[in-house]
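Sequences listed follow chains A and B, in order. Just so you know, this note's numbering puts 162 at position 162 of the first sequence, and the rest follows in order with no gaps. Just so you know, this note's numbering puts 205 at position 9 of the second sequence, and the rest follows in order with no gaps. Built from N, CA and C at the ideal position, the CB exists for glycine as well. Data first, discussion second: the structure below is written as C-alpha cells.
There are 2 protein chains.
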Amino acid sequence: MRVSDKHQKITQAAVKVFARKGFFNARISDIAKEAKVADGTIYLYFNNKYDILISLFEDEIGKIILKVKLLLENETDPLKMLEIYAIHHMSLLQDQKDLVEVLQMELRQSNKFIKEYRNTKFIEYIDIVSDIVHKGQQSGHFRQEVMPGVVKRAFFGALDEMSRLWSLSAKPKYTLEDTARQITDIFQHGIVVRNS
Amino acid sequence: MRVSDKHQKITQAAVKVFARKGFFNARISDIAKEAKVADGTIYLYFNNKYDILISLFEDEIGKIILKVKLLLENETDPLKMLEIYAIHHMSLLQDQKDLVEVLQMELRQSNKFIKEYRNTKFIEYIDIVSDIVHKGQQSGHFRQEVMPGVVKRAFFGALDEMSRLWSLSAKPKYTLEDTARQITDIFQHGIVVRNS
DNA sequence: ACAAAAAATGAATCATTATTCATAATAAAT
DNA sequence: ATTTATTATGAATAATGATTCATTTTTTGT
Numbered sequence: 001m002r003v004s005d006k007h008q009k010i011t012q013a014a015v016k017v018f019a020r021k022g023f024f025n026a027r028i029s030d031i032a033k034e035a036k037v038a039d040g041t042i043y044l045y046f047n048n049k050y051d052i053l054i055s056l057f058e059d060e061i062g063k064i065i066l067k068v069k070l071l072l073e074n075e076t077d078p079l080k081m082l083e084i085y086a087i088h089h090m091s092l093l094q095d096q097k098d099l100v101e102v103l104q105m106e107l108r109q110s111n112k113f114i115k116e117y118r119n120t121k122f123i124e125y126i127d128i129v130s131d132i133v134h135k136g137q138q139s140g141h142f143r144q145e146v147m148p149g150v151v152k153r154a155f156f157g158a159l160d161e162m163s164r165l166w167s168l169s170a171k172p173k174y175t176l177e178d179t180a181r182q183i184t185d186i187f188q189h190g191i192v193v194r195n196s
Numbered sequence: 197m198r199v200s201d202k203h204q205k206i207t208q209a210a211v212k213v214f215a216r217k218g219f220f221n222a223r224i225s226d227i228a229k230e231a232k233v234a235d236g237t238i239y240l241y242f243n244n245k246y247d248i249l250i251s252l253f254e255d256e257i258g259k260i261i262l263k264v265k266l267l268l269e270n271e272t273d274p275l276k277m278l279e280i281y282a283i284h285h286m287s288l289l290q291d292q293k294d295l296v297e298v299l300q301m302e303l304r305q306s307n308k309f310i311k312e313y314r315n316t317k318f319i320e321y322i323d324i325v326s327d328i329v330h331k332g333q334q335s336g337h338f339r340q341e342v343m344p345g346v347v348k349r350a351f352f353g354a355l356d357e358m359s360r361l362w363s364l365s366a367k368p369k370y371t372l373e374d375t376a377r378q379i380t381d382i383f384q385h386g387i388v389v390r391n392s
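Following this line, the structure appears as C-alpha cells:
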C-alpha cells in the first residue's frame, strides 16, 4: 500500500468521524478504527489531532477549487458564472454531506484555535466570487458601487447558511438546486446594472 | 446578593471565557474564577457545562429579539425594515464582540451535540426577516417569486459571515455600518419589484 | 535468503477536567 | 440565642483520551 493511500484512508475516516461526533468529541481511536489502522499509525502521518483537521481542510478545499475553476473556465457571462458557482457549491452537499459538515465546523473553530492559520485555501475559494464580480463590473454588467469584497462574503455566507439548514433538516422544503438558483437570483438582481 | 445576580455573573463570565478559548477548551474552573465563585457553585445554577452554553444562548438571543422588534415597531417600509435589522445585527458586534463570537460558535456546534435542541429562539430571530419579506410581498414592494424562507437564511447568513470576518480581522477594511448597508442594498435590489 | 530500513502496532503513560459531595458559611425563622 | 434552611466551597473522584515508544511486521535492496 502506497503511503498516500494510508494518508487518504485516515483523512476519509476522519471526515466521517468528525461529521458524526464533532471535532472535540471524536477520539483518535475512533478515527483509527474507522480507517482500520492502529492509533499510533495516525501519528506517522499527522502531527496531532488538530493537524488532521487542518490538513483535511486544505486538501479538500483544494479539490473543490480545482473543480469549480474548471467549470467556470468556458463561461464568460458573469451572471451565469455566479449561478455555476452557487449550484456547484450546493451540490457538494448532495455528494459529500459529511465533508460539508466538517468544513463548516472547521471554519468556526479556526477562529479560536489557530489565529495564526491564515486559511488561505478558503480565501482562494471565496475570491473566485469577488473575481467574478470584479470582471462583471469591468464589463459593465454589474453596478460599480457594490464592493466585490462584501459580495463574496455575503454570497458565500448565504449559501453556507442555507446548506447548514439543509444538512440539519430531516426533510427539506426545497431542493438544493432550487435553493442555489434562488440565492443566485437575489444576488444577480442585487448587483446587476438595471436597464431602466 | 440575589440569586439572579449570581446566575448572571456566571453567564457573563462564561461569555468571556467561551469567546476567549472556545467552548471545549474552556474549563469550568476558568469560568468559576472569572465569575469569582467556587467551581461547585456553578452546578447550583446550571446542570452541566453544556447547559451554560444553551442557557446563555437563549437568554441573550431573547434580549436581542426584544430590542430589534422594538426598533422595527414604528417602521412600515419593508426596505427600511431590512436595513434596520441589518444595522442592528452588525452593531451588536461593536457592543458585544465576545457575545457574538460565542453565538456564532454555538450555532455551529448545536449541529452535532444537540440535534434535539430545536433552537427556537434563533428561529424566532431570523423569522423576523421572513415576516418583513412576506409583508413586503403583500404590499407589492417585493417580487412574488422570492421565497421568504430562503431570503431569511440568505440574509442572516450574509450578515453572519460578514461579522465573522470582522471579528477575525485585526484592522477591517470597512466599518460595520457600511457593511450592513452594502448587504442590505444588495438584498433590497435583489428582491424589490422593478419599476421598469 | 538475509540484513537493514521503513512502516505499523497498541498497551502504557500521563495529564487533564467535569462533576460530586462532605463540610462550612451565611441567612432566616422562631 | 438557637435552630433550621439555604447557599457556597473546593478538595477528591473518576473517567477520559491524546500521545509515546518499545516491539513486531513488512518491505526493500543485495
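Which residue or residues does DSSP assign as beta-bridge partners of residue i?
| i | result |
| --- | --- |
| A:V192 | A:F142 |
Given that residue i touches chain B, what residues does it touch there, using C-beta distances under 9 angstroms?
| i | result |
| --- | --- |
| A:G140 | Ordered by position in chain B, no residue passes the 9 angstroms Cβ test against A:G140, which lies about 17 angstroms from the chain. |
| A:R153 | A354, E357, M358, R360, L361, T375, I379 |
Along chain A, in chain order, which residues have C-beta atoms closer than 7 angstroms to that of residue i?
| i | result |
| --- | --- |
| B:T375 | V150 |
Just checking: is the beta-carbon of residue i within a distance shorter than 8 angstroms of some beta-carbon in chain B?
| i | result |
| --- | --- |
| A:F122 | no |
| A:Q94 | no |
| A:I87 | no |
| A:I186 | yes |
| A:F24 | yes |
| A:V68 | no |
For residue i and residue j, I'd like the C-alpha separation in whole angstroms.
| i | j | result |
| --- | --- | --- |
| A:Y43 | A:V17 | 17 angstroms |
| A:K11 | A:T179 | Note on residue identity: the sequence assigns Thr, not Lys, to residue 11 of chain A. About 30 angstroms. |
| A:K67 | B:K232 | 53 angstroms |
| A:D95 | B:G236 | 47 angstroms |
| B:S365 | A:Y174 | 35 angstroms |
| B:L278 | A:E145 | 19 angstroms |
| A:I31 | A:L176 | 30 angstroms |
| B:H284 | B:L267 | 9 angstroms |
| A:R143 | A:S130 | 13 angstroms |
| B:N391 | A:K171 | 37 angstroms |
| A:T26 | B:D381 | The sequence given here has Ala at residue 26 of chain A, not Thr. Each residue's alpha carbon lies about 42 angstroms from the other. |
| A:D59 | A:F23 | 17 angstroms |
| A:L107 | A:L53 | 11 angstroms |
| A:D51 | B:V388 | 46 angstroms |
| A:K69 | B:S251 | 44 angstroms |
| B:S435 | B:A234 | The question about residue 435 of chain B has no answer here: the residues shown for chain B are numbered 197 through 392. |
| A:K121 | B:I261 | 36 angstroms |
| B:V346 | B:S287 | 24 angstroms |
| B:D201 | B:Y241 | 11 angstroms |
| A:M147 | A:L159 | 18 angstroms |
Flag residue i as yes if its beta-carbon sits less than 8 angstroms from any beta-carbon of chain A, otherwise no.
| i | result |
| --- | --- |
| B:M301 | yes |
| B:V211 | no |
Give the interface partners of residue i over in chain B, defined as CB-CB distance under 8 angstroms, in chain order.
| i | result |
| --- | --- |
| A:K173 | G345 |
| A:V133 | Residues of chain B passing the Cβ test: none, with the nearest at roughly 11 angstroms. |
| A:V197 | Nothing in the structure corresponds to residue 197 of chain A, since chain A is present only between 1 and 196. |
Please list, in chain order, the chain B residues whose beta carbon lies closer than 7 angstroms to that of residue i.
| i | result |
| --- | --- |
| A:R27 | Result: empty, since nearest Cβ-Cβ is about 13 angstroms, beyond 7 angstroms. |
Starting from the beta carbon of residue i, find every residue of chain A whose beta carbon is closer than 9 angstroms, and list them in chain order.
| i | result |
| --- | --- |
| B:V325 | Going along chain A, no residue has its Cβ under 9 angstroms from B:V325, so there is no contact; the nearest lies around 12 angstroms. |
Inset, instruction - Please determine if the region 266–283 of chain B and the region 321–338 of chain B are in contact, where contact requires at least 3 C-beta pairs separated by less than 8 angstroms. - result: Because the criterion of three Cβ pairs below 8 angstroms is met, the region 266–283 of chain B and the region 321–338 of chain B touch.
Inset, instruction - Count the C-beta pairs between the region 145–159 of chain A and the region 346–353 of chain B that are closer than 8 angstroms, then say yes if the count reaches three, no if not. - result: When Cβ pairs closer than 8 angstroms are counted between the two stretches, the region 145–159 of chain A is seen to touch the region 346–353 of chain B, the count reaching three or more.
Legend entry - Contact between the region 294–301 of chain B and the region 214–222 of chain B (3+ Cβ pairs under 8 angstroms): Flag = yes, the region 294–301 of chain B and the region 214–222 of chain B touch.
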